[in-house]
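Below is one structure, written out as structure tokens; the observations come after it.
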Amino acid sequence: MAVNKQIRLRAIPSGIPKLDDFSFVDAEIPVIQEGEFLGKTIYLALDPYVRVTMTGRHFFNQEIVGDIPRGSTISKVVQSKHSDYKENDLVVMESGMQSYAVSDGTGVVRAITGSAPITTALGILGMPGFTAYSALMGPACLNSGDKIIVSAASGAVGSMVGQIASIKGAIAIGIAGSEEKCEWVVSDAKMKSCLNRKTQNLDELIGKALPNGADIFFDNTGGDIQKLILSKHIAINSRIILSGLVSQYNSDTPPLGPNLGNICKQRATIFGFVVFDFEHMREAFLSDALQWYDQGLLSYKEDIIKGIENTPQHFIHLMKGDNFGKTIVQFDDL
Ligand SMILES: NC(=O)c1ccc[n+]([C@@H]2O[C@H](COP(=O)([O-])OP(=O)(O)OC[C@H]3O[C@@H](n4cnc5c(N)ncnc54)[C@H](OP(=O)(O)O)[C@@H]3O)[C@@H](O)[C@H]2O)c1
Numbered sequence: 031m032a033v034n035k036q037i038r039l040r041a042i043p044s045g046i047p048k049l050d051d052f053s054f055v056d057a058e059i060p061v062i063q064e065g066e067f068l069g070k071t072i073y074l075a076l077d078p079y080v081r082v083t084m085t086g087r088h089f090f091n092q093e094i095v096g097d098i099p100r101g102s103t104i105s106k107v108v109q110s111k112h113s114d115y116k117e118n119d120l121v122v123m124e125s126g127m128q129s130y131a132v133s134d135g136t137g138v139v140r141a142i143t144g145s146a147p148i149t150t151a152l153g154i155l156g157m158p159g160f161t162a163y164s165a166l167m168g169p170a171c172l173n174s175g176d177k178i179i180v181s182a183a184s185g186a187v188g189s190m191v192g193q194i195a196s197i198k199g200a201i202a203i204g205i206a207g208s209e210e211k212c213e214w215v216v217s218d219a220k221m222k223s224c225l226n227r228k229t230q231n232l233d234e235l236i237g238k239a240l241p242n243g244a245d246i247f248f249d250n251t252g253g254d255i256q257k258l259i260l261s262k263h264i265a266i267n268s269r270i271i272l273s274g275l276v277s278q279y280n281s282d283t284p285p286l287g288p289n290l291g292n293i294c295k296q297r298a299t300i301f302g303f304v305v306f307d308f309e310h311m312r313e314a315f316l317s318d319a320l321q322w323y324d325q326g327l328l329s330y331k332e333d334i335i336k337g338i339e340n341t342p343q344h345f346i347h348l349m350k351g352d353n354f355g356k357t358i359v360q361f362d363d364l
């Protein structure tokens, strides 16, 4: 008989999560009520922010021991008493790390990827891609000719930032954590150059590439990269998108704040960005991104593993920064 396989928090991780922080539970498959549907997880997205929900530093509820960690999924509707969803529909929903979940439709979107593989609904054509699009076209006020610098440039968010920038006539420079990633960022994601944060002198190279500073700094990591760029490499009237702080997600306590003197000197604007506030731009995003994909303008990397039992290991891989591309677990065949 089918069971609902779940991953639960056995302990709140300290530092980089460990396998022992997670346990596996076989639960009953939930029963749906009128107005609900049952989704079976096909693909689970692993997103860096989930780590901070475990320490209560995210606006989502703090996870406690015994909870199922969060996670967006591509799910197949297997039972429905909801007027908008029927059996076999593919949706993106917040099921968490488990093989079945019930939804009343709140926050659910259809998995629409046109000619692109369905998994892109969790990556460049899903929440991460939408983050890049809505931040650039919204608060970053992207202009043709802008010079952009983006950290975690080979990831789902970062790679879309660079590609959208190029499509719109801006010039993007990426920062990534390996030679292999940097090569891909230039050859496939078509950024002008890419700096290796682990082996290169970022200060010197950013100074050479952007002598007048970046018009847009898309900050996906925080930490030393943020300190360096904010203090020395932003242009006058620059826009800074605080997208993510992955460099501190594994720390038990957040670091002390930066010295923001240069923000004032450069009349820069810092925007604390949350993709969920930009739902009004989703239709424009999908329409543009599907067209760009069909025109061969979008590349992406995925880091997919098969089997629910590999979820904790793959999450640890992501939180060590060892992933290359959108990190996904395949639970089942379509
Ligand atoms: N604001 C929003 O609404 C929103 C929405 C979605 C995502 N985000 C944020 O966007 C960022 C990227 O997300 P993603 O899903 O596209 O992930 P991702 O880039 O696929 O994976 C995270 C990457 O961060 C880099 N990294 C890890 N540890 C680091 C450290 N200590 N210092 C510097 N870099 C480190 C690694 O890349 P390298 O080794 O190549 O540097 C790693 O591959 C995350 O911070 C996420 O929280 C924000």
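The letter at position 207 of the sequence shown is residue 237 when you use my numbering, and the numbering goes up by one with no holes.
Glycine is no exception: its CB is placed at the ideal position from the N, C-alpha and C atoms.
Query                                                                                                                                                                                              : Result
What residues in its chain sit with their C-beta under 6 Å from that of residue 176, if we drop five residues either side in the sequence?                                                         : 200, 245, 246
With residue 107 and residue 67 assumed to form a contact (beta carbons below 8 Å), what rounded beta-carbon distance in angstroms separates them?                                                 : 5 Å
For residue 63, count the other beta carbons within 10 Å of its own beta carbon; 16 or more makes it buried, fewer makes it exposed. Which is it?                                                  : exposed
At what residues does the beta strand (DSSP E) containing residue 309 begin and finish?                                                                                                            : Per DSSP, residue 309 belongs to no beta strand (DSSP E) and is neither H nor E.
Please go through the same chain and pick out, in chain order, the residues whose beta-carbon is closer than 8 Å to the beta-carbon of residue 324, but skip the five residues on each side of it. : 144, 145
Taking DSSP's pairing of strands, which residues face residue 55 in a bridge?                                                                                                                      : 36
In chain order, which beta strand (DSSP E) runs of at least 3 residues are fully inside the region 106-172?                                                                                        : 120-124, 130-133
Might you give, ordered along the chain, the residues of its own chain that have their beta carbon closer than 6 Å to the beta carbon of residue 355, omitting 5 neighbours on each side?          : 331, 332, 333
Mind checking which residues open and close the beta strand (DSSP E) that includes residue 67?                                                                                                     : 67-75
Below 8 Å, how does it come out for the region 151-161 and the region 257-266: are there three or more Cβ pairs, yes or no?                                                                        : no
Verify whether the separation of the beta carbon atoms of residue 202 and residue 225 is less than 9 Å.                                                                                            : no
Once DSSP output is grouped into helix, strand and coil, what is the label at residue 251?                                                                                                         : coil
Just to confirm the assignment: which complete beta strand (DSSP E) runs, minimum length 3, are found wholly within the region 174-200?                                                            : 177-180
DSSP three-state label for residue 278, please.                                                                                                                                                    : helix
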